[in-house]
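Following: one structure in structure tokens, then a few remarks.
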DNA sequence: GTCTATAGCTTGATAGAC
DNA sequence: GTCTATCAAGCTATAGAC
């Protein structure tokens with residue numbers, strides 16, 4: 009990204025509407041929100057770098073200058089798109105993990121249960137939250153695999169909730185070594201985000217039997233798959249790694 | 009990608025050197041190879057779309073026009089980079105699967121064994137093949153998660169070997185349902201390619217305990233993790249999915 | 001095969017009127 | 001806040017000399 013790094017025109021008042029709202033070009037809501045929605049959809053389907061500010065403003069029915077007015081740089085626009093739903097998700101996921109640990113099933117806390125609590129808010133949003141959430145998850149998939157700034161960006165937005173999960177897993181698997189837990193989470197992260205990437209890959213591979221967009225099918229299998237992987241790698245009876 | 013789709017200047021003779029090689033600007037080998045090497049490294053570290061033809065030619069110590077002479081378009085350059093090592097890998101992986109099935113261990117064919125045969129050529133190349141192979145795998149990770157043309161491209165280069173693996177897995181798990189096998193492979197693919205993405209993510213998350221570049225550590229865990237996942241999702245005793 | 005030179009276009013970003 | 005108008009820089013790709 010050759011996004012120019014001029015001064016950040018940051019800290020603009022987020023919502024300050026005059027009582028009698030003046031004329032607006034954006035359809036229903038705020039122009040700012042319309043820009044975010046347009047950018048989200050375009051980033052998701054065509055990649056983060058290929059989408060131009062002009063395309064975004066065209067889709068949002070606003071002028072390009074307005075995009076820079078609100079977000080200063082293209083990078084700033086991306087960060088706003090990425091952060092908007094991250095905060096919502098992180099809150100839900102922390103709560104889901106805590107709620108599960110507070111009252112697990114009769115058998116006590118299980119790996120499946122923890123993984124499921126961690127994944128549930130994501131799949132709920134993607135299945136019931138509308139297409140915007142699916143778009144957002146496709147963006148996450150790209151960021152997660154971006155070699156340049158992906159690691160830094162994912163860490164900045166999501167590490168707290170992941171550390172929360174890993175701490176809970178550690179309580180459920182007290183003998184597990186930290187390295188094994190981190191690598192196991194890493195595999196989870198890759199499996200999850202590719203599922204979210206919506207590339208149509210599994211559709212082709214399976215000759216149409218499976219669908220990239222069928223998050224219910226993915227959800228029905230992923231928790232069990234991942235939990236089994238965690239147990240196999242982190243369980244004390246595994247002759248862990250080759251040392 | 010707004011790469012212009014002019015006529016493909018395809019089918020250029022791949023190697024036709026006059027006996028007394030004329031002056032060359034590229035360091036040791038062919039200029040064509042130097043361009044591929046430079047492009048590979050740049051694509052891997054800075055993403056596929058952000059790298060310009062000029063950057064590639066600069067790093068390869070050739071002129072931009074030469075890049076278009078050999079590869080016609082930027083897209084053509086990418087396809088050449090992507091295909092160069094794919095063919096090598098596919099051959100090795102088919103052979104590894106066949107060899108394992110022909111003479112598995114005393115206990116017969118196992119899921120671990122098949123997964124390991126499928127993954128071994130990749131990890132061998134990344135550990136012992138030099139940094140170029142690591143770069144190549146980082147490119148695969150990006151392609152795999154690209155929403156625009158990732159699914160099509162991955163399918164074109166890798167579906168045969170994957171179908172070969174899945175057929176072998178089906179023989180080892182005759183009761184498994186096709187959907188379960190495809191989804192299980194999909195999760196494998198995501199876990200594998202994120203590991204290859206080299207984003208530094210696990211380094212940050214683990215506070216330096218684990219390293220993105222440590223493919224031996226990943227390799228030591230991935231086969232067992234994935235095999236356990238396959239068994240959990242595809243085994244007949246699993247109350248498969250929610251139907 | 002390799003280079004120079006450049007056409008033709010798109011990009012991100014800004015200045016300034018309203 | 002929103003628009004018009006524009007700029008400088010970068011891009012892919014090609015034509016043509018050697």
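Chains as they are written, first to last, in my numbering: chain X, 9 to 251; chain L, 9 to 251.
We put the CB at the ideal spot given by N, CA and C, even for glycine.
#1: State buried or exposed for residue 187 (chain X), treating a residue as buried only when at least 16 other CB atoms are found within 10 Å of its CB.
#2: By Cβ distance below 7 Å, which residues in the same chain neighbour residue 202 (chain L) in space, the five residues on each side in sequence not counted?
#3: What span of residues does the alpha helix (DSSP H) with residue 98 (chain L) cover, start to end?
#4: Whose CA, out of L:214, L:191, L:226, lies closest to the CA of residue 205 (chain L)?
#5: Along the chain, where does the alpha helix (DSSP H) containing residue 67 (chain X) start, and where does it finish?
#6: Considering only the beta carbon of each residue, do residue 169 (chain L) and residue 223 (chain L) sit closer than 7 Å?
#7: Residues of chain L with a CB under 7 Å from the CB of residue 206 (chain X): which are they?
#8: Apart from the five residues just before and just after residue 162 (chain X), which ones in its own chain have a Cβ nearer than 7 Å to its Cβ?
#9: CB-CB under 7 Å to residue 195 (chain L), same chain, minus the five flanking residues each way: which ones, in chain order?
#10: If we cut at 7 Å on Cβ distances, does residue 145 (chain X) have a partner in chain L?
#11: Pick from X:231, X:63, X:212, X:69: whose alpha carbon is nearest that of residue 130 (chain X)?
#12: For a quick check, are the C-beta atoms of residue 259 (chain L) and residue 105 (chain L) less than 7 Å apart?
#13: Does the CB of residue 8 (chain L) have a neighbour CB from chain X at under 7 Å?
#14: As a quick exercise: from X:86, X:173, X:98, pick the residue whose alpha carbon is nearest that of residue 52 (chain X).
#15: Excluding the 5 residues preceding and the 5 following residue 55 (chain X) in the sequence, name in chain order all residues of the same chain whose CB lies nearer than 8 Å to its CB.
#16: So is residue 229 (chain L) in contact with chain X if we call contact Cβ pairs under 7 Å?
#17: Residues of chain L with a CB under 8 Å from the CB of residue 192 (chain X): which are they?
#18: Residue range of the alpha helix (DSSP H) that residue 152 (chain L) falls in?
#19: What is the DSSP secondary structure of residue 238 (chain L), reduced to helix, strand or coil?
#20: For residue 177 (chain X), does the three-state DSSP call read helix, strand or coil?
#21: Comparing alpha-carbon positions, which option in X:47, X:43, X:42 lies nearest residue 146 (chain X)?
#22: Cβ atoms of residue 211 (chain L) and residue 197 (chain L): under 7 Å apart, would you say?
#23: For residue 165 (chain L), I'd like the list of residues in its chain whose CB is within less than 6 Å of its CB, leaving aside the five on either flank, ordered along the chain.
#24: Check whether the stretch 167–182 of chain X touches the stretch 88–103 of chain X, taking contact to mean three or more Cβ pairs, one atom from each stretch, closer than 8 Å.
#25: I need the straight-line Cα distance from residue 140 (chain X) to residue 128 (chain X), nearest angstrom please.
#26: Does residue 57 (chain X) come within less than 7 Å of chain L when only Cβ atoms are used?
#27: Determine, using beta carbons only, whether residue 240 (chain X) comes closer than 7 Å to chain L.
#28: Could you check what DSSP says for residue 224 (chain X) in three-state terms: helix, strand or coil?
#29: Considering Cα atoms alone, identify which of X:45, X:41, X:114 is closest to residue 142 (chain X).
#30: Nearest CA to the CA of residue 90 (chain X): which residue from X:179, X:49, X:191, X:178?
#31: Do we get a CB-CB distance below 7 Å when we pair residue 163 (chain X) with the residues of chain L?
#32: Where does the unbroken alpha helix (DSSP H) through residue 124 (chain L) begin, and where does it stop?
#33: Between residue 140 (chain X) and chain L, is any beta-carbon pair separated by less than 7 Å?
#34: Who are the Cβ neighbours of residue 178 (chain L) in its own chain at under 7 Å, not counting the five residues just before and after it?
#35: Using a Cβ-Cβ distance cut-off of 7 Å, determine whether residue 32 (chain L) contacts chain X.
#36: Closest Cβ-Cβ distance between residue 172 (chain L) and chain X: below 7 Å?
Inspection of the coordinates gives the following:
#1: buried
#2: 149
#3: 82–110
#4: L:226
#5: 61–68
#6: no
#7: 155
#8: 151, 152
#9: 237
#10: no
#11: X:231
#12: A question about residue 259 (chain L) goes unanswered here, because the residues of chain L that appear run from 9 up to 251.
#13: Past the edges of chain L, shown from 9 to 251, lies residue 8 (chain L), and the structure says nothing about it.
#14: X:86
#15: 150
#16: yes
#17: 229, 233
#18: 139–152
#19: helix
#20: helix
#21: X:47
#22: no
#23: 94
#24: yes
#25: 17 Å
#26: yes
#27: yes
#28: helix
#29: X:45
#30: X:49
#31: yes
#32: 119–136
#33: no
#34: 184, 189
#35: In this prediction, residue 32 (chain L) scores a pLDDT of 43, lower than 50, which makes its location untrustworthy; the coordinate-derived value is nonetheless stated afterwards. Residue 32 (chain L) does not count as touching chain X.
#36: no
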